[in-house]
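Chains as they are written, first to last, in our numbering: chain A, 114 to 409; chain B, 771 to 1047.
What follows is one structure encoded as structure tokens, with my remarks underneath.
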């Protein structure tokens, strides 16, 4: 086949231009922003270069709060959602009747607008002067105290956020795991059955090793997704997340860029780079761990 | 026998429980949207049903706030972004899969490495770029940075490569141009992948929030996500929850209906190329 240089570049041109303007140039630019000290967006001038922006955000209580919220949420939601979706996928693969119906229902949160449905969660969990709210009704039923989950204590707000995040991420995990389970070769199970292997042993020695790559994939994407959490928090607590004390790292970046506390692209860039470093580190750790635990 | 039966029932109880947790918010938003304003506000203890459903809230949702405008904006944004994305991605994937050119491997490796970049890293500069270009509060400003998805090009390229070389050579012998081969042979053969990326992009566009929020502050250009945030903050007067819920139902309905119609296609598509979570 002859080389067709010009034609090939022509085909790549639209994609290339878009990537150059909206991904490659920004990537370089964000690094410059992050080390420009005292950048003024009106006059487009700065004093010089250094690590001041990083030192500033690492001392900013809002940033520290956002980091704390994000880490807490990651540590809570990733294990719970992964474990729960494993359980559900197992349960799904062990039944025949109604399986399709369940699968359809479980997938619904994937196709919902997170801002819109977040509003419903807010209504369900909120307690106002006019109404106790649905969840408090449930708490009363178990003789619990009534709590305002949206403007109440920190742990209550964190609970709703984690609950909502898990609700949102479950469809993807259930779908992936169900299909991974379905693709395990039935011969392994038949052989185990002939040998009279116990169900628990079948699970730990056949099923889990066979689906371990999928589980690790879900854990990595789960970590990355949870670290980038933002919209779900806005859906529950409104746009002023700092005031609600529920900001996330990504929320901090956008607040620094735009909005009431905005106009500081340098601080936003520094925070974005720190986030990227965190995500990269965790992905690498996960890959190293998975290399020694994934069976094929 | 008895033991396995019990296990079976427990499994179903567990599955039904999760189904209830998933469905309840949907039930609650539809239910609340059908309650009248006065009925809702007189319920100190929320009621699980209503005997006097009303559609007034839906009328309010379309008349008191510009819900139809948000809807139309989102539709325009979704259709144009998805359409342009498909064209750009198909062309690029074709070049990588079928054409030979110098530096192809290097370019493709660079291309793939862009997949790892989180959007948060580049959005800061894009915000400045679009602002400086005077494209805030405009459709080009909304659409341009949202078009490219490296991952979809990758998916398409993988699929294009599976089509046997002989088809391409036969087409060449017949004097078919590359573009014609691409449109008449390659794209039809790879239709499932094209449909997959369309589905994923439509879902992404319909629900996009962050970029539209940064780049629009005039209601005339709000998409539904920003619209619902606006409605929540100063829409019907803070306490008109039923009208808010009516707006939520209207916003959620299109994708859910689409999902129920194309259930298998969408789930297969997400399985192949989805990420969320």
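Here a beta-carbon is modelled for each residue, glycine too, at the ideal position from N, C-alpha and C.
The structure presented is a predicted model; accordingly, all values stated were derived computationally and were not measured.
- Under the Cβ distance rule, residue 807/B does not count among the residues neighbouring chain A, no pair being separated by less than 7 Å.
- Distance from the Cα of residue 127/A is smallest, within the candidate group 909/B, 973/B, 793/B, 919/B, for 919/B.
- Those residues of the region 792-806 of chain B placed with their C-beta closer than 9 Å to a C-beta in chain A are 792, 793, 794, 795, 796, 798, 799, 802, ordered along the chain.
- Annotation: the continuous alpha helix (DSSP H) that includes residue 793/B extends over 772-804.
- Interface criterion met: the Cβ of residue 816/B is under 7 Å from a Cβ in chain A.
- As the crow flies, the alpha-carbon of residue 276/A is around 10 Å from that of residue 282/A.
- Of all residues in the region 132-146 of chain A, the ones placed with a Cβ closer than 8 Å to any Cβ belonging to chain B are 132, 134, 135, 136, 137, 138, 139, 140, 142, 143, 146, in chain order.
- Per the DSSP secondary-structure output, residue 150/A pairs in a beta bridge with 161/A.
- Proximity of residue 127/A to chain B, defined by a Cβ-Cβ separation below 7 Å, is satisfied.
- The straight-line gap separating the alpha-carbon atoms of residue 172/A and residue 178/A is approximately 11 Å.
- Taking a Cβ-Cβ threshold of 7 Å, the residues of chain B close to residue 204/A are 781, 784, 785, in chain order.
- Inter-residue distance for residue 817/B and residue 231/A is about 20 Å (C-alpha atoms, whole angstroms).
- Unbroken alpha helix (DSSP H) stretches of 4 residues or longer found wholly inside the region 872-928 of chain B: 874-883, 889-902, 909-913, given in chain order.
- Across the region 372-383 of chain A, CB contacts with chain B closer than 7 Å involve 378, 381, 382, in sequence order along the chain.
- Of 384/A, 390/A, 310/A, the smallest CA-CA separation from residue 148/A is found for 384/A.
- Taken through DSSP and simplified to helix, strand or coil, residue 139/A comes out as helix.
- When DSSP states are grouped into helix, strand and coil, residue 209/A belongs to the coil group.
- Rounded to whole angstroms, the separation of the alpha carbons of residue 317/A and residue 166/A is 49 Å.
- The continuous alpha helix (DSSP H) containing residue 130/A extends over residues 118-132.
- For residue 819/B, the closest C-alpha among the options 829/B, 807/B, 802/B, 833/B is that of 802/B.
- In the assembly as shown, residue 361/A is a buried residue. Its beta-carbon has 16 or more other beta-carbons within 10 Å.
- For residue 385/A, a Cβ of chain B is located within less than 7 Å of the residue's own Cβ.
- Distance from the Cα of residue 896/B is smallest, within the candidate group 239/A, 139/A, 295/A, 209/A, for 139/A.
- No Cβ-Cβ contact shorter than 7 Å links residue 1025/B with residue 981/B.
- By the Cβ criterion, the region 331-343 of chain A is in contact with the region 184-197 of chain A, since at least three pairs of Cβ atoms, one from each stretch, lie closer than 8 Å.
- The region 196-214 of chain A and the region 778-796 of chain B touch, with no fewer than 3 CB-CB distances between them shorter than 8 Å.
- Between residue 355/A and residue 175/A, the C-beta gap is smaller than 7 Å, which places the two residues in contact.
- In the pairwise beta carbon analysis, the region 988-997 of chain B is classified as touching the region 833-852 of chain B: at least three pairs are separated by under 8 Å.
- Using a Cβ-Cβ distance cut-off of 8 Å, the region 1022-1038 of chain B and the region 217-234 of chain A are in contact, since at least three pairs of beta carbons, one from each stretch, lie closer than that value.
- Distance from the CA of residue 970/B to the CA of residue 949/B, rounded to the nearest whole angstrom, comes to 25 Å.
- With a threshold of 7 Å between beta carbons, residue 867/B makes no contact with chain A.
- With three or more CB-CB distances shorter than 8 Å, the region 1012-1019 of chain B counts as touching the region 790-806 of chain B.
- Following the DSSP letters along the chain, one finds residue 1037/B inside the alpha helix (DSSP H) bounded by residues 1033-1043.
- Close to chain B, meaning a Cβ-Cβ distance shorter than 8 Å, is no residue of the region 175-187 of chain A at all.
- In terms of CA proximity to residue 352/A, 367/A leads the group 341/A, 367/A, 340/A.
- For residue 834/B and residue 209/A, the gap between their C-alpha atoms comes out near 48 Å.
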